[in-house]
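Peer 1:
In the numbering used here, the protein residues as written are 137 to 337.
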């Protein structure tokens, strides 16, 4: 984890947060975002692997539990600060240079569509050093390469401690590729986001 004095400087530049999770992700996301208030002014974009063929109710479920506005991302929609977006099932979700969403039906990545790697790589291109990427619990390797891309573009990377994850495969895959800026428990990631809220509001 970064030096505390560097941490504030690092967090001040963040303009968007992207998050990836798979098995165990619903509970993990509730823990991470549960303490945030409506003062949180950054957009948050999440890919959570879900079974195919199901209409996603993630936006409704999280919208009832979180203070932040929550919605499912729409194709060509402009990203609004202070909103938490979930990727729609069946489509890769990417972020364009004009900070809008784009859907595609390209091949699955790590058996997944939407893919965390797809979101992370496009967000790294769009936001560069002003992006924070967070990778949580999950049972495959999706997100590891995308998180590395975020780091290469100068963004901040956060990985859930594998010892804290319900399924450690995804965090371990990320750690095999690079050393993140923050390796934290879910509670620690939640505190980091509260600090981000304090700095940016």
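Beta carbons are placed, not taken as given, at the ideal position from N, Cα and C, and that holds for glycine.
No experiment lies behind these values; they were computed from the predicted model shown.
Would you be able to state if there are at least three C-beta pairs under 8 Å between the segment 290 to 297 and the segment 261 to 271?
Peer 2: yes
Peer 1: Taking all protein chains shown into account, decide if residue 214 is buried (16 or more other Cβ within 10 angstroms of its Cβ) or exposed.
Peer 2: Residue 214 sits at position 78 when you count from the first residue of the chain shown. Counting Cβ neighbours within 10 Å, residue 214 comes out exposed, since fewer than 16 surround it.
Peer 1: Identify whether residue 268 lies in helix, strand or coil by the three-state DSSP scheme.
Peer 2: For the purposes of this step, residue 268 is taken as residue 132 along the chain shown, with counting starting at 1. Correct three-state label for residue 268: strand.
Peer 1: Contact defined as beta carbons within less than 8 Å: I believe residue 303 pairs with residue 271. What is the distance between those atoms, to the nearest angstrom?
Peer 2: Here residue 303 corresponds to residue number 167 of the chain shown, with the count starting at 1. Here residue 271 corresponds to residue number 135 of the chain shown, with the count starting at 1. Not confirmed; about 12 Å, so no contact.
Peer 1: Could you tell me which of 151, 157, 169 and 152 sits nearest to residue 277, measuring between CA atoms?
Peer 2: Taking the chain shown and counting its residues from 1, the one referred to as residue 277 is at position 141. When C-alpha distances from residue 277 are compared across 151, 157, 169 and 152, the shortest belongs to 157.
Peer 1: Relative to the alpha-carbon of residue 256, which residue among 143, 284 and 161 has its alpha-carbon at the smallest distance?
Peer 2: Counting from 1 along the chain shown, the entry for residue 256 is found at position 120. Residue 256 has its Cα closest to that of 284, out of 143, 284 and 161.
Peer 1: Tell whether a beta-carbon distance below 8 Å holds between residue 275 and residue 152.
Peer 2: Translated into positions along the chain shown, residue 275 becomes position 139. Translated into positions along the chain shown, residue 152 becomes position 16. Cβ atoms of residue 275 and residue 152: not closer than 8 Å.
Peer 1: Under the three-state reduction of DSSP, which class applies to residue 258: helix, strand or coil?
Peer 2: Sequence index remark: in the chain shown, residue 258 carries index 122 (1-based). If DSSP states are grouped into helix, strand and coil, residue 258 belongs with the helices.
Peer 1: Beta carbon of residue 145: closer than 7 Å to some heavy atom of the ligand FAD?
Peer 2: Within the structure as shown, the ligand FAD is missing, as the structure has no ligands at all.
Peer 1: Could you please give the first and the last residue of the uninterrupted alpha helix (DSSP H) stretch that includes residue 283?
Peer 2: As a working note, residue 283 is residue 147 in the chain shown. Counted as a single uninterrupted DSSP element, the alpha helix (DSSP H) harbouring residue 283 occupies residues 280 to 288.
Peer 1: Which runs of the alpha helix (DSSP H) at least 4 residues long sit entirely within the segment 192 to 261? Give them in chain order.
Peer 2: 194 to 201
Peer 1: Reducing DSSP to helix, strand and coil, say where residue 320 ends up.
Peer 2: On the chain shown, residue 320 is found 184 positions in, with the first residue counted as 1. Residue state, collapsed to three classes: strand.
Peer 1: Please report the straight-line C-alpha distance between residue 329 and residue 165, rounded to a whole angstrom.
Peer 2: As a working mapping, residue 329 is identified with position 193 in the chain shown. As a working mapping, residue 165 is identified with position 29 in the chain shown. About 12 Å.
Peer 1: Terminal residues of the continuous beta strand (DSSP E) containing residue 293?
Peer 2: The residue labelled residue 293 in the question sits at position 157 within the chain shown. Run containing residue 293: 292 to 296, per the beta strand (DSSP E) assignment.
Peer 1: Kindly list the residues whose CB is nearer than 6 Å to the CB of residue 309, restricted to its own chain and excluding five residues on each side of it in sequence; keep chain order.
Peer 2: The count along the chain shown starts at 1 and reaches residue 309 at position 173. These residues qualify, in order along the chain: 277 and 280.
Peer 1: Bridge partners of residue 152, per DSSP?
Peer 2: Locating residue 152 in the chain shown gives position 16, where the first residue counts as 1. In the DSSP assignment, residue 152 is bridged to 267.
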